[in-house]
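Here the sequence shown is numbered in this note's numbering, starting from 52 and rising by one per residue.
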Amino acid sequence: MWRYEEQKVWSKNEVKWIKHYNSKNKILLAGDGDFSFGLSLAYAFGSATNIVATSLDSYDVLIKKYNGAATNLLILHNYGAQLLHRVDATKMQHHPDLQNRKFDRIIYNFPHAGFIGLEGDPQVIE
Ligand SMILES: C[S@@+](CC[C@H](N)C(=O)[O-])C[C@H]1O[C@@H](n2cnc3c(N)ncnc32)[C@H](O)[C@@H]1O
């Protein structure tokens, strides 16, 4: 779960930098799981109009899978993010909402290199 705790007061046109990312970058998040990483950036920037956040799972699946996902998505939507589901990062260049678009940063937050089986399977999680 990502959280950006630091509270700052920013002027409206100031470019806000968070590590490698800034509030003027067009940012694509691939496989954001519970959308907590996107929300963390939104909090840090004070806006998410520069963010397209995606999940591999459908909306229905991910709100069952992740406790905070519904709330994270609602807040991200209110911050102006574009939210897309069922986006496979290995094929996203063909996605109708992504093809022909350019981004300054594409962020993959997959914490595992890969596995055989289903992600929700307890044996796979172990
Ligand atoms: C643990 S979550 C990421 C968590 C969250 N973004 C964070 O960093 O706080 C890893 C996600 O990668 C997604 N994933 C795995 N393979 C993927 C693929 N080919 N395309 C898109 N997402 C994928 C999984 O669905 C899972 O939700």
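Ideal Cβ placement from N, Cα and C applies to all residues, glycine included. All of these numbers come straight from a predicted model, not from anything done at the bench.
Buried or exposed (CB count within 10 angstroms, at least 16 for buried), residue i
i      : result
Thr105 : buried
Asp148 : exposed
Asp80  : Reading off the sequence shown, one finds Leu at residue 80, where the question assumed Asp. Counting Cβ neighbours within 10 Å, Leu80 comes out buried, since at least 16 surround it.
Asn123 : buried
Phe88  : buried
Val66  : exposed
Gly82  : buried
Asp172 : exposed
Leu127 : buried
Leu107 : buried
Sheet register partners of residue i (DSSP bridge)
i      : result
Ile78  : Ile102, Arg156
Gln144 : None; Gln144 has no bridge partner.
Gln133 : Val103
C-beta atoms of residue i and residue j nearer than 8 angstroms
i      : j      : result
Asp155 : Tyr117 : no
Asn76  : Asn101 : yes
Leu90  : Ile78  : no
Val103 : Gln133 : yes
Ser109 : His136 : yes
For residue i, the three-state DSSP class (helix, strand or coil)
i      : result
Asn123 : helix
Tyr94  : helix
Asn73  : strand
Gln150 : coil
Leu113 : helix
Short CB-CB distance (under 8 angstroms) between residue i and chain B
i      : result
Leu135 : In the structure shown, chain B cannot be found, because there is only a single protein chain.
Worksheet item: Does the count of Cβ pairs from the stretch 136 to 150 and the stretch 88 to 99 closer than 8 angstroms reach three?
Response: Short answer: they don't touch.
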